[in-house]
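Top line first, the protein sequences correspond to chains X and D.
End of the first sequence = 364 in full-length UniProt numbering, gap-free, step of one.
End of the second sequence = 364 in full-length UniProt numbering, gap-free, step of one.
Every residue, glycine too, gets a C-beta built ideally from N, C-alpha and C.
There are 2 protein chains.
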Amino acid sequence: MPSRNTEKPITRKDIAELLGVSVSVVSRALNNSGYVEEKKRQKIIRTAEELGYVPQPVAMSLQERRTKQILFYCKDLNNEFNLEMYRGMCKTANERGYMVVMNGVLSFARIRDTMIDGIIMPNENLTEYYLEQVGKNYYLPVVSASYCNPVNLPKSVPLVEIDMYRAMEVGMQYLFHMGHKRIAFGFPYSTTNPNSRLLAFKEQISLKSDRRWQDWVVSVHWLDKRDDIRLMAFKEDMEDNSLKMEEDFFAKGEIAAQLFQERKMDATAVICFNDEFALGMMRELQRMGVKVPQDISIVGIDGTRARRYVTPLLTTVDANPQRQGGECAKILIDMIEKKNTKYIVHQSVRLLEGESVKDLRSRR
Amino acid sequence: MPSRNTEKPITRKDIAELLGVSVSVVSRALNNSGYVEEKKRQKIIRTAEELGYVPQPVAMSLQERRTKQILFYCKDLNNEFNLEMYRGMCKTANERGYMVVMNGVLSFARIRDTMIDGIIMPNENLTEYYLEQVGKNYYLPVVSASYCNPVNLPKSVPLVEIDMYRAMEVGMQYLFHMGHKRIAFGFPYSTTNPNSRLLAFKEQISLKSDRRWQDWVVSVHWLDKRDDIRLMAFKEDMEDNSLKMEEDFFAKGEIAAQLFQERKMDATAVICFNDEFALGMMRELQRMGVKVPQDISIVGIDGTRARRYVTPLLTTVDANPQRQGGECAKILIDMIEKKNTKYIVHQSVRLLEGESVKDLRSRR
DNA sequence: CTGAAAGCGCTTACAG
DNA sequence: CTGAAAGCGCTTACAG
Numbered sequence: 001m002p003s004r005n006t007e008k009p010i011t012r013k014d015i016a017e018l019l020g021v022s023v024s025v026v027s028r029a030l031n032n033s034g035y036v037e038e039k040k041r042q043k044i045i046r047t048a049e050e051l052g053y054v055p056q057p058v059a060m061s062l063q064e065r066r067t068k069q070i071l072f073y074c075k076d077l078n079n080e081f082n083l084e085m086y087r088g089m090c091k092t093a094n095e096r097g098y099m100v101v102m103n104g105v106l107s108f109a110r111i112r113d114t115m116i117d118g119i120i121m122p123n124e125n126l127t128e129y130y131l132e133q134v135g136k137n138y139y140l141p142v143v144s145a146s147y148c149n150p151v152n153l154p155k156s157v158p159l160v161e162i163d164m165y166r167a168m169e170v171g172m173q174y175l176f177h178m179g180h181k182r183i184a185f186g187f188p189y190s191t192t193n194p195n196s197r198l199l200a201f202k203e204q205i206s207l208k209s210d211r212r213w214q215d216w217v218v219s220v221h222w223l224d225k226r227d228d229i230r231l232m233a234f235k236e237d238m239e240d241n242s243l244k245m246e247e248d249f250f251a252k253g254e255i256a257a258q259l260f261q262e263r264k265m266d267a268t269a270v271i272c273f274n275d276e277f278a279l280g281m282m283r284e285l286q287r288m289g290v291k292v293p294q295d296i297s298i299v300g301i302d303g304t305r306a307r308r309y310v311t312p313l314l315t316t317v318d319a320n321p322q323r324q325g326g327e328c329a330k331i332l333i334d335m336i337e338k339k340n341t342k343y344i345v346h347q348s349v350r351l352l353e354g355e356s357v358k359d360l361r362s363r364r
Numbered sequence: 001m002p003s004r005n006t007e008k009p010i011t012r013k014d015i016a017e018l019l020g021v022s023v024s025v026v027s028r029a030l031n032n033s034g035y036v037e038e039k040k041r042q043k044i045i046r047t048a049e050e051l052g053y054v055p056q057p058v059a060m061s062l063q064e065r066r067t068k069q070i071l072f073y074c075k076d077l078n079n080e081f082n083l084e085m086y087r088g089m090c091k092t093a094n095e096r097g098y099m100v101v102m103n104g105v106l107s108f109a110r111i112r113d114t115m116i117d118g119i120i121m122p123n124e125n126l127t128e129y130y131l132e133q134v135g136k137n138y139y140l141p142v143v144s145a146s147y148c149n150p151v152n153l154p155k156s157v158p159l160v161e162i163d164m165y166r167a168m169e170v171g172m173q174y175l176f177h178m179g180h181k182r183i184a185f186g187f188p189y190s191t192t193n194p195n196s197r198l199l200a201f202k203e204q205i206s207l208k209s210d211r212r213w214q215d216w217v218v219s220v221h222w223l224d225k226r227d228d229i230r231l232m233a234f235k236e237d238m239e240d241n242s243l244k245m246e247e248d249f250f251a252k253g254e255i256a257a258q259l260f261q262e263r264k265m266d267a268t269a270v271i272c273f274n275d276e277f278a279l280g281m282m283r284e285l286q287r288m289g290v291k292v293p294q295d296i297s298i299v300g301i302d303g304t305r306a307r308r309y310v311t312p313l314l315t316t317v318d319a320n321p322q323r324q325g326g327e328c329a330k331i332l333i334d335m336i337e338k339k340n341t342k343y344i345v346h347q348s349v350r351l352l353e354g355e356s357v358k359d360l361r362s363r364r
């Protein structure tokens, strides 16, 4: 088993010298570009194979000034939503010959050390911050996922937007339709956070309830700092403290279940910020002996793969994160390759029925 | 908002010309290596900042003949185990300044187009095949995860081995301890597959049962081709059919539940090939009205994060895939950097108690 | 159809 | 402490 471990790797120059031709010809033959005498081409290709020649993608990248890599700027795949997005962008990127990479740590400084042609940002808040911090000095094409949260972005950044305001409406209206009126909202931030899902919830709950909307929100925020919408996603950039900043929606959901019970809320249903939060809440309620959906109904938002694991199957508002990821990749690659592309893509949401909501209409 | 989009990026040469020094000095100043007059260094750094200079990592990679990227050779993160491994290797790699990348498609041919310093193989079967196919002509350091399955590898490939034979023993013995004797095995391949978990199951079940071991195996194999241990992981390499080749253990687990019911097996417990299979089986049993663990106990193998989502919490044999991934990354990076490293690492397993096993002892 | 030359952006002995 | 030079492995006008 000869290994090339210690030997110097074969280059195009080696092949050229062996065959008594120039590297230009070798390059043309191997790349199948430009004129090469047919017999010579054959011979070059055969020789390359025999010598075990392997191209050096780094040298090609330098020459062609492109890496065929795009960065998904998120810490490792810590939450189910990002994971789905990653799957979607991976598929699309691959079809176009690109690879999606992740730094594994959120640090703007690190981006410049990474061999990439462009960046996909997981949300608009991070994008806003990124553009403020490094956007002026450093150009790379950027595409951002977006959820209709309030930010101030230069319009030069394409957005792939899921209307989470609408998602909340869809979820609430489904619950109304099923006969629910007393509906709680499981929310992983402070109630002062101007999140689109929270805004929509306020709006919707007031249609059916006379109580203050605050009475219906189960807000889980351990750290005050987490509630700053600007800090929640990239605090680590400031305080090299990346491990602490994982957002664990599942764990927050579990805590929400405890708060829900402590407060003896008389809701018949809970709609949650996202699926992972919903799964946490559901699991903890079940652990405490509460039956879902017999005693309480639960609805998530996102449509991640994890929802299929549980019993009862989680009812959710499907935002199709895979499609969103794919669209982000498509647009980014279009930008990189200087093709025309859309600057805003809206993606629709739809209710995905599971088994976690009780039909209260049949009761009367 | 000035963007460098259209402008040519600043290089070290630009800085050098502007300051009337050589690129060598600029390089030394920016890299903080070698002698540079202190005042000059300051000035160079300041100027670089003002001009919005951004280093070209590709050029550095070419020069230094290293990419600081390592490949995890798996299709996107399709199964929970690989996902955990990825998380572990990501963490370790990051601490050492490396990035873990994935091609998103299994194709040996594609590896050579990827800018990497080494490869982590997800299992020994794939490694064996890889070495047969391209190992002779193409050298890159390789580390392989391993599960004590029968393969023929040159000993030059370091293994990070989890003894799945032992894991099965641990799971079975726990069930025995809890008073179970009639135990089924949920297996995603044919019973002719020489998998270490299957071998251990045969051994263990014969300790408590007089029936043939085959009577206790629920084997789910849709496609004949999938059963070939060699084909199951890389068929796509031969038949550009990558989408079809996803292994969906969860779905197989669901089917296993149906087979289990159809066959009216009188087992009191099922031990499953892995957690995902166990989750699928559990969910489908619950859907059919079977209570876990009251009617049937379930044990998984792996200890993936997904097990926390469900009720009852899945009892499993924890193989710590994160640690395995981390160890793979560590060893690979040691090899890349020519440090001494171990050639075989054995990782122990341990039972992780959940709520999915009924204690039959209290009954008598 | 071919090959010498310049270039991608950086690094690093080496001679001053 | 500095800078000219060679080099990393490849590509691509351009002159023959």
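Taking a 10 Å sphere around the C-beta of residue 29 of chain D, we find 16 or more other C-beta atoms and assign the residue as buried. In the DSSP annotation of this structure, residue 190 of chain X is not part of any beta strand (DSSP E), being labelled neither H nor E. Counting along the chain, the unbroken alpha helix (DSSP H) around residue 23 of chain D starts and ends at 23-31. Identification of residues in the region 144-171 of chain D having a C-beta nearer than 8 angstroms to some C-beta of chain X yields 154, 156, given in sequence order.
Going by beta carbons, residue 154 of chain X and residue 118 of chain X fall outside the 8 angstroms limit.
The shortest CA-to-CA distance from residue 156 of chain X to any of X:165, X:183, X:173, X:127 is the one to X:127.
With a beta-carbon spacing of about 6 angstroms, residue 182 of chain X and residue 266 of chain X fall inside the 8 angstroms limit used to define contacts. Cβ proximity to chain X below 7 angstroms picks out 52, 54, 55, 57, 58, 59, 61, 62 from the UniProt domain "HTH lacI-type" (10-64) of chain D. In its chain, beyond the 5 residues on either side, 26, 44, 47, 48, 51, 53 have a beta carbon closer than 7 angstroms to the beta carbon of residue 15 of chain D. Contact check for residue 189 of chain X against residue 209 of chain X fails: the beta carbons are separated by 8 angstroms or more.
CA-to-CA, the gap between residue 31 of chain D and residue 57 of chain D works out to about 13 angstroms.
Annotated three-state conformation of residue 360 of chain X is coil, per DSSP. For the pair residue 264 of chain X and residue 83 of chain D, the Cα-to-Cα distance works out to about 38 angstroms. Contact annotation for residue 286 of chain X against chain D: 311 [CB-CB distance below 8 angstroms, chain order]. Secondary structure of residue 106 of chain X (DSSP, three-state): coil. By the C-beta density criterion, residue 350 of chain D is exposed, having fewer than 16 other C-beta atoms within 10 angstroms. Runs of the alpha helix (DSSP H) lying entirely within the region 46-102 of chain D and spanning at least 4 residues, in chain order: 57-64, 80-95. Following the DSSP letters along the chain, one finds residue 134 of chain X inside the alpha helix (DSSP H) bounded by residues 124-134. Residues of chain D with a Cβ closer than 8 angstroms to the Cβ of residue 115 of chain X are, in chain order, 57, 58, 61, 67, 69, 115.
Here the region 325-345 of chain X does not lie against the region 285-294 of chain X, with fewer than 3 beta-carbon pairs under 8 angstroms apart. Interface criterion not met: the Cβ of residue 299 of chain X is under 8 angstroms from no Cβ in chain D. Nearest neighbour of residue 99 of chain D by Cα position, chosen from D:89, D:80, D:74, turns out to be D:89. Interface annotation for the region 89-103 of chain D against chain X: 90, 91, 93, 94, 99, 100, 101, 102, 103, criterion Cβ-Cβ distance under 8 angstroms.
With 16 or more other Cβ atoms inside 10 Å of its own Cβ, residue 321 of chain X counts as buried. Residue contact with chain D for residue 105 of chain X: present (Cβ-Cβ distance below 8 angstroms to some residue of chain D).
Going by beta carbons, residue 276 of chain D and residue 149 of chain D fall outside the 8 angstroms limit. Not one beta carbon of chain X lies nearer than 8 angstroms to the beta carbon of residue 207 of chain D. Taking the C-beta atoms as reference points, residue 122 of chain X is found nearer than 8 angstroms to residue 74 of chain X.
If you compare the alpha carbons of X:159, X:204, X:302, X:221 with that of residue 342 of chain X, the shortest gap goes to X:159. Distance from the Cα of residue 311 of chain X is smallest, within the candidate group D:358, D:87, D:281, for D:281.
In summary, residue 77 of chain D is buried, with 16 or more beta-carbon neighbours lying within 10 Å of its beta-carbon over all protein chains present. Assignment of alpha helix (DSSP H) within the region 244-328 of chain X, counting only whole runs of 4 or more residues, yields 249-262, 275-287 in chain order. Measuring C-alpha to C-alpha distances from residue 114 of chain D to each of X:314, X:178, X:97 identifies X:97 as the nearest.
Only those residues of the region 264-291 of chain X whose C-beta falls short of 8 angstroms from the nearest C-beta of chain D are listed: 279, 282, 283, 286, 287. X:348 is the residue among X:348, X:361, X:353, X:352 whose C-alpha sits nearest the C-alpha of residue 163 of chain X. Within chain X, 306, 309 have C-beta atoms less than 9 angstroms from the C-beta of residue 306 of chain D, given in sequence order.
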